[in-house]
Amino acid sequence: TLSLGRQVPEPFTDDEVRLLEATADQIGIALENARLYSELRRQLEELQRTHAQLIHAEKLAAIGELASGVAHEINSPLTTILGEVQLLAMGPVSDDVRARLRVIAEESGRAARIVQNLLLFARSYPPERRPCLLANQITRVLDLKVYQLQLDGIHVVKDFLPAPPVWADENQIQQVLLNLVQNAHQAMKSAHDKGVLTVRLHREAGGVHVEVLDDGPGIPPEHLERIFDPFYTTKPVGEGSGLGLPVSQGIVSEHGGRVWAENRPGGGAAFHLVLPVGGPGPVVEAPRELPLPTRPLRVLLVEDERRVADVLANLLKSLGHTAEVALGGRQALERIVDNQYDVVFVDLKMPEMDGRAFWQELVARDSPLARHTIFMTGNPRSLEALADEKAGTPLLAKPFTVPELSAVLRAATSAG
Ligand SMILES: Nc1ncnc2c1ncn2[C@@H]1O[C@H](COP(=O)(O)OP(=O)(O)OP(=O)(O)O)[C@@H](O)[C@H]1O
Ligand SMILES: [Mg+2]
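Heads up: the sequence shown begins at 8 in the numbering used here, then just goes up one per residue.
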């Protein structure tokens with residue numbers, strides 16, 4: 008047998024060396040097997056995690072799909088309702104009836120906003136920015152979470168210094184703040200089932216600065232780089248999807264701001280958010296009063312939904328224009344050959360030839376109408392697809408008001 012502890016300074020025999028080699032081989036194989044096994048297990052875990060993330064991402068995508076489909080379907084009838092109401096209100100009606108018509112118009116507007124919120128949730132709606140006080144947004148988010156925080160023994164400290172409003176989309180900013188508060192909450196809860204959440208706000212040269220501070224475990228330095236990566240999470244499957252921070256970062260940079268993380272000297276994590284105090288650019292607002300049409304326009308409406316087409320035609324007539332309806336792109340193209348139009352309204356989503364294909368055909372034919380096209384859509388998402396191609400084109404989002412209709416007409420006729 009082999010004794011490794013032998014004291015005698017004799018050389019090993021050939022047998023001993025062979026035995027030693029064989030043993031070393033066995034040990035090597037065992038080590039390699041162990042490594043392979045743990046690698047396999049790691050890969051399996053990663054696969055399971057990726058799978059769960061994929062399902063989650065797919066769910067989000069499905070909600071987005073559903074929301075934009077619903078938006079289109081609901082916005083069409085809303086367009087008809089709002090249009091008809093506005094037409095009625097233009098006629099000779101008593102004050103009592105006018106008041107009721109206003110209620111209908113307001114409620115259709117409300118329904119339209121609900122659809123917009125649904126799209127916002129699915130993150131497929133362009134932001135709506137206005138001056139917004141971050142202190143109010145923080146308070147709103149903390150109010151939302153106050154009960155859960157209390158339940159988990161988390162004490163909230165607010166430390167706000169006066170700061171001017173930032174130019175931001177309130178819903179999106181709330182989403183960012185909620186993600187940060189949620190992360191701090193989860194971190195403290197899992198670390199020691201209690202804690203202090205501090206939210207600070209102050210003005211600085213670059214804008215308004217918000218700090219979300221916790222006294223949880225903090226973030227291992229080697230993770231700091233990765234926490235903003237999509238799907239990066241240290242939470243168990245089903246608890247975290249790793250989307251909170253990347254989504255927040257996307258929103259913040261769209262707003263021209265910055266978000267970053269640090270560890271606090273005394274322990275815990277610090278998330279910083281800076282949003283610029285910029286105002287709006289020049290705002291193009293729909294005029295409140297109906298502008299008098301400069302001249303009567305000949306309008307072609309390309310819209311597959313009869314009722315929407317009819318109400319739009321009547322609204323245009325009420326503004327002093329003439330309107331003809333084509334229920335599809337091909338039919339419209341035939342008409343353009345014999346007739347002269349000043350403006351064409353085209354619905355983006357139509358079964359046989361969609362609005363974009365129609366417009367491309369106008370461009371191909373070198374028709375001057377290509378420069379006087381107004382796109383209509385019940386689904387703001389479809390605008391994204393169009394954005395690069397035809398930036399600055401007048402767009403009419405359904406449902407619309409008469410002032411919006413006038414504004415878009417004016418934009419289309421003033422274009423080259
Ligand atoms: N306050 C914090 N303290 C410690 N670690 C944090 C903190 N905030 C974020 N992290 C780390 O960053 C990772 C990514 O956060 P992110 O919000 O993007 O995803 P998540 O919280 O894991 O999942 P989701 O937000 O999608 O539910 C977290 O899993 C966690 O490891
Ligand atoms: Mg999170």
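Note that beta-carbon positions come from the ideal geometry of N, C-alpha and C, so glycine has one too.
Looking at the secondary structure, which residues open and close the beta strand (DSSP E) in which Ile161 lies?
161-167
DSSP state of Phe382 mapped onto helix, strand, coil:
strand
Close beta carbons around Leu95, own chain, < 7 Å, minus the five adjacent residues each side:
Leu108
What are the boundary residues of the beta strand (DSSP E) that Asp354 is part of?
350-354
Compare the beta carbon distance of Gly385 and Asn82 with 9 Å and say whether it is the shorter of the two.
yes
Along the chain, where does the beta strand (DSSP E) containing Ala175 start, and where does it finish?
173-175
Just to check my reading of the structure: Leu187 and Phe278 have Cβ atoms closer than 8 Å, yes? What is that Cβ distance to the nearest angstrom?
5 Å
With a threshold of 7 Å on Cβ separation, who are the neighbours of Cys139 within its own chain once the five nearest residues in sequence on each side are excluded?
Pro172, Val173, Ala175, Glu177, Ile180
Given 8 Å as the limit, tell me if Gly251 has its C-beta closer than that to any heavy atom belonging to ligand 1.
yes
Determine, using beta carbons only, whether Val206 and Ile145 come nearer to each other than 9 Å.
yes
Which residue wins for smallest C-alpha separation from Lys324, given the options Leu308, Ala339, Arg337, Glu312?
Leu308
Are the CB atoms of Ala276 and Ala194 within a distance shorter than 9 Å?
Closer than 9 Å, so yes.
For Ala330, count neighbouring Cβ atoms within 10 angstroms of its own Cβ and tell me buried if that reaches 16, exposed if not.
buried
Is the beta carbon of Ile88 sitting closer than 9 Å to the one on Pro406?
Yes, they are a contact pair.
Determine the burial state of Asn190: buried for a count of at least 16 other Cβ atoms within 10 Å of its Cβ, exposed for fewer.
buried
Could you tell me the distance, in whole angstroms, from the CA atom of Met383 to the CA atom of Leu412?
The straight-line gap from Cα to Cα measures roughly 11 Å.
Does Leu73 pass the burial test, meaning 16 or more other C-beta atoms within 10 Å, or should it be called exposed?
Classification for Leu73: exposed.
Excluding the five sequence neighbours on either side, which residues of its own chain have a C-beta within less than 8 Å of the C-beta of Gly160, listed in chain order?
Asp200, Lys201, Gly202
Paired residues, beta bridge with Leu208 - DSSP:
Answer is Phe167, Val217.
Kindly identify the DSSP beta-bridge partner or partners of Thr329.
Paired residue(s): Arg305.
Which whole-angstrom value describes the C-beta separation of Val306 and Tyr348, a residue pair presumed to lie in contact below a C-beta threshold of 8 Å?
7 Å
Quick one: using the 10 Å Cβ neighbour count with 16 as the cut-off for buried, is His209 buried or exposed?
exposed
Reduced DSSP secondary structure (H/G/I, E/B, other) of Leu322
It is helical.
Environment of Val215 [buried if 16+ CB atoms lie within 10 Å]
buried
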